[in-house]
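Remarks on the structure that follows.
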Amino acid sequence: LVNDIRYIDKEKTAKVVGGLFRVLGALTGYDDLGNTLGSMAESIKGFRVKINTFLYRLEWNEETANLFYKEQYAAAPDVTKWQNFNNARGTYKLKYCQKVESSGNQTSFLGINEEAKEIMVRKACQRALDENIVDLQTKVPEFRTKSPIVTTEPITAYVGMKEGVTEQSVFEVLEEIVDENGKHTYKSVATLKPEPGKIWDNRYMAVEEGAPNANLGATTFKKVSGKDIFPGMLIREK
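As structure tokens, then:
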């Protein structure tokens, strides 16, 4: 992921807009209206962020994998393999997949002092980044993340509103299968839906703003169909 983050100070923009309103008002003879609109514009405080997130896919094939695991990968520090990796950086290529944009304009600043602009900007940026990741997972299915089931009575997992979970979300339960060659694949064996009112609000600073369900710690699911479920199985949104 590559993020292009831009910040616009609404207070500075408002002063410019206010001046334009007054000029237009004077030209048309509506001085009172112009001054009123100008004062209103100058009173607008805050900021706006604009974040473009670009998704790239690492071009990975059998030849590249063999090179990496045989000559560069090491479970413990290894200077030679580190140098091999450094020298082979040009071997690895990224392919552009998708771009999405968010402004974080739905972010609530409850619980944050109005003068603490740095915290406001950080929160708006993090919320916008999370929105973009959810959007990318919708547009590029292979980018969808998998999360492990934590408990089965009830069924819970560490996903929530940050990952875009809603009452309409549907998840598949994946069972890992390892063949005789050691290759890992996943088979869909069950379907889950979030329990209404039990979706964890795990968005950035949700606890500080006093958001409902911010302290749940996990989202609770109900099984819609399929076979038995065990802790550690992975879930993925359909």
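Add 1300 to a position in the sequence shown, counting from 1, and you land on the number used in the numbering used here.
By construction, the Cβ of each residue, glycine as well, lies at the ideal position given by its N, Cα and C atoms.
Quick caveat, the model's predicted, so the values are computed rather than measured.
Query	Result
Uninterrupted beta strand (DSSP E) stretches inside the stretch 1428-1510 (no shorter than 3 residues)	1447-1452, 1455-1457, 1471-1478, 1484-1494
Residues sharing a beta bridge with residue 1353, DSSP	1303, 1400
contact_flag[the stretch 1506-1526, the stretch 1452-1466] where n(CB pairs < 8 Å) is 3 or more	yes
Residue 1530 classed as buried or exposed, judged by whether at least 16 other C-beta atoms fall within 10 angstroms	exposed
Three CB pairs or more closer than 8 Å across the stretch 1477-1496 and the stretch 1416-1435	no
Per-residue DSSP class, three states only, for residue 1419	helix
Cβ-Cβ separation, residue 1492 to residue 1507 (assumed contact under 8 Å), whole Å	Their Cβ separation, rounded to whole angstroms, is 25 Å, which puts residue 1507 and residue 1492 out of contact at 8 Å.
Residue 1452 to residue 1378 span [Cα, whole Å]	41 Å
Bridge partners - residue 1521, DSSP secondary structure assignment	1455, 1494
Buried versus exposed call for residue 1449 [16 or more other C-beta atoms within 10 Å across all chains shown]	buried
Proximity winner among 1394, 1371, 1375, relative to residue 1387 (alpha-carbon distances)	1371
Rounded C-alpha distance that separates residue 1394 from residue 1419	33 Å
Within 9 Å, strictly: CB atoms of residue 1456 and residue 1518	yes
Beta-carbon separation (whole angstroms), residue 1537 vs residue 1471, contact threshold 8 Å	5 Å
Unbroken alpha helix (DSSP H) run spanning residue 1367, endpoints	1362-1367
Contacts around residue 1429, its chain only, beta-carbon distance under 8 Å, and the 5 residues preceding and following it disregarded	1303, 1351, 1353, 1402
Simplified DSSP assignment, three categories, for residue 1526	strand
Burial state of residue 1424 (16 or more Cβ within 10 Å)	buried
Residue 1394 - partner residues in DSSP beta bridges	1358
Residue from 1497, 1534, 1505 with nearest C-alpha to residue 1520	1497
Cβ neighbour criterion (16 or more within 10 Å) applied to residue 1502	buried
Beta-carbon proximity of residue 1426 to residue 1504, cut-off 9 Å	yes
Sub-9 Å separation of residue 1381 and residue 1373 beta-carbons	yes
Pick from 1535, 1524, 1385 that is closest to residue 1495, judged by C-alpha positions	1524
Where residue 1355 falls, given that 16 or more other Cβ within 10 Å makes a residue buried	buried
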